[in-house]
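These notes are about the structure you will find just below.
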Amino acid sequence: MLKRFLRSAGIGVCAVLLLWSGGVQAEDVKLGVMNVQRVLVECAAGKAAKARFDDKMQELQATLKSEEDELLAMQKDIEKKSSAWSEDTKQEKMRDFQRKRREAQEKAEDARFELKAMQDKELDPILKTLEKVVKDYGEANGYSLLIDSRSGVLHAAQGIDITDQIIVELDAAMAK
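Numbers -26 to -1, 1 to 150, taken from mature numbering (1 follows the signal peptide of the UniProt record, and there is no 0), label the letters of the sequence shown in order.
Pasting the structure below:
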């Protein structure tokens, strides 16, 4: 909540400074807003990537579900029959159950990593292309600033980028 407020306040301050600064006239400033998440979900490449991701997720879930069912069956078997087993048999069955449960947990973790890697692999080329498209669109249409409606700045004209000046000021302040 605080992060969202600070981000919104920071964007607001930047917009006000742009409009009131002596170097940039209000009529020269053109702002644009877009929802990057919606672009990713609704573009053709995004839809195709989501379909591939969903297929892989269903495949992995089916595998994990069968292993979970096997573990539940083992647990029920142990609960039902343990009173008739010798102590050695009980311990052996419990060790086997614990081993299979750890293996299932490892497979679930591997599946999460696999899905994350797939998501990154699918999104990376889309995001790189989107970055270029936004930059080109902003320049071609005279935008000084393009802002993601859900986060931060997507494009800023070189003339309003004060990053270098802020670095110098921060270095000076930190040296004191």
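From the three backbone atoms N, C-alpha and C, an ideal C-beta is built for every residue, glycine too.
Reducing DSSP to helix, strand and coil, say where Gly112 ends up. helix
Asp51: which of Ser40, Gly20, Asp145 and Lys64 sits nearest, CA to CA? Lys64
Under DSSP, the alpha helix (DSSP H) around Asp2 begins and ends at which residues? Element bounds for Asp2: n/a, residue is neither H nor E.
If we count the other Cβ atoms within 10 Å of its Cβ and call it buried at 16 or more, is Leu46 buried or exposed? exposed
For Ala147, the three-state DSSP class (helix, strand or coil): helix
Integer-rounded CB distance, given that Met92 should sit under 8 Å from Lys30: 6 Å
Give the straight-line distance between the Cα atoms of Arg73 and Leu89, rounded to the nearest whole angstrom. 24 Å
Buried versus exposed, by CB contacts within 10 Å (16 or more), Ala23: buried
Quick check: what's the CA-CA separation for Glu77 versus Phe27? 24 Å
Validate contact between the stretch 114 to 123 and the stretch 7 to 25 using beta carbons, cut 8 Å, 3 pairs: yes
Would you mind giving the Cβ-Cβ distance between residue 175 and Gly6, rounded to the nearest angstrom? I have them listed as a contact below 8 Å. Residue coverage of the chain in this structure runs from -26 to 150, which leaves residue 175 outside it and unanswerable.
Just tell me which of Asn115, Glu53, Ser60 and Arg86 has its CA closest to the CA of Asn38. The displayed chain sequence assigns Leu, not Asn, to residue 38. Cα-wise, what sits closest to Leu38 is Arg86.
Got a sec? Which residues, its chain only, sit under 6 Å from Thr48 by beta carbon, not counting five neighbours each side? Before going on, a small fix: residue 48 reads as Met here, not Thr. Around Met48: Phe71.
Looking at Glu41: is its Cβ nearer than 9 Å to the Cβ of Lys67? no
Please confirm whether Leu97 and Leu14 have their CB atoms less than 9 Å apart. yes
Given Tyr117, which residues of its chain have a CB within under 6 Å of its CB, disregarding the five upstream and five downstream residues? Lys4 and Gly6
Cβ-based neighbour list, Asp84, same chain, cut-off 8 Å, excluding 5 preceding and 5 following: none
By the 10 Å Cβ neighbour count, where 16 or more other Cβ atoms means buried, how is Val107 classified, buried or exposed? exposed
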